[in-house]
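Take a look at the structure set out below.
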Amino acid sequence: MTPEQIGRAYDQITQLWTRDSFNRSNGLAQLQRAMAFVASPGPALDVGCGCTGRFLELMLQQGYQPQGLDISAQMLQLARQRHPQLTFWAADIVRWQPTEHYSLISAWDCLWHIELSQQAAVLQKLMAALAPGGVLMFSAGGVDAPGEHLDASMGPLLYYASLGVTGYMQLIAEQGLQCRHLEFDQYPELHCWLVVQKPELNQQQD
16 MTPEQIGRAY
26 DQITQLWTRD
36 SFNRSNGLAQ
46 LQRAMAFVAS
56 PGPALDVGCG
66 CTGRFLELML
76 QQGYQPQGLD
86 ISAQMLQLAR
96 QRHPQLTFWA
106 ADIVRWQPTE
116 HYSLISAWDC
126 LWHIELSQQA
136 AVLQKLMAAL
146 APGGVLMFSA
156 GGVDAPGEHL
166 DASMGPLLYY
176 ASLGVTGYMQ
186 LIAEQGLQCR
196 HLEFDQYPEL
206 HCWLVVQKPE
216 LNQQQD
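Residue numbers for the sequence shown follow the working numbering, beginning at 16 and rising by one.
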């Protein structure tokens, strides 16, 4: 599926996140854990920010200067209504290029919609966009080997892919980052999340 198709699919199901039964705390404890590794709050980016603004709100509360990015026009319309003072990017993360370095990047339950062949390049781009000491938190399919599939459990057909836990760990090591946390938080469902950190400048020079 193309990024545009993914965006249109999410346009159809925005109500899943705006209804009263949606758990607005989903992912926040994980984001707070990631923030604990950041020495000094600065610019931040929420990839796949969606419409609720809950990650952006927590970032603001903790002293960050957050931006949001999403491919769904409907999601972004609602996000802008909630936080008109913030910068939002209507973009495909595969083609989008960062304009600065971030002390924190979150990508919760979104990167798995990227084509398997492009996931490594996107993660490399996000890691490169981290400031020294910056932290990336993302969730992924916690499978053993790379794979991809289609699923319509939320309504429209959606594409999912994962590099597999070993693949993500290899990529992190190749990019010279440290894995600070890896957890299967919904076991036995194969949902995992990771926190990785870019070395400080003095560590990079050692």
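Think of the CB as a built atom: it goes at the ideal place given N, C-alpha and C, for glycine as much as any other residue. Since this is a predicted model, take the numbers as computed values, not measurements.
Helix, strand or coil at S118 [DSSP, three-state]: strand
I need the DSSP call for V211, collapsed to helix, strand or coil. strand
Just curious, the alpha helix (DSSP H) that E19 is in, first and last residue? P18 to Q27
Within its chain, find whatever has a CB closer than 8 Å to the CB of F103; leave out the 5 residues flanking it on each side and keep chain order. C64, Q82, G83, L84, D85, L91, A94 and R95
Own chain partners of M74 with C-beta closer than 6 Å, once the 5 adjacent residues on each side are dropped: A59 and P81
In the structure shown, what three-state DSSP assignment does W111 receive? coil
Run through the DSSP bridge pairs and tell me what G176 is partnered with. Strictly speaking, residue 176 in this sequence is Ala, with Gly absent from that position. Its beta-bridge partners are E163.
H196, DSSP secondary structure in three states: strand
Y202 versus V158 - alpha carbon distance: 12 Å
Close beta carbons around I129, own chain, < 6 Å, minus the five adjacent residues each side: V137
Going by DSSP in three states, H206 sits in which element: helix, strand or coil? strand
Using only the alpha-carbon positions, how far apart do G182 and Y25 sit? 27 Å
In terms of DSSP beta bridges, what is A105 paired with? D85
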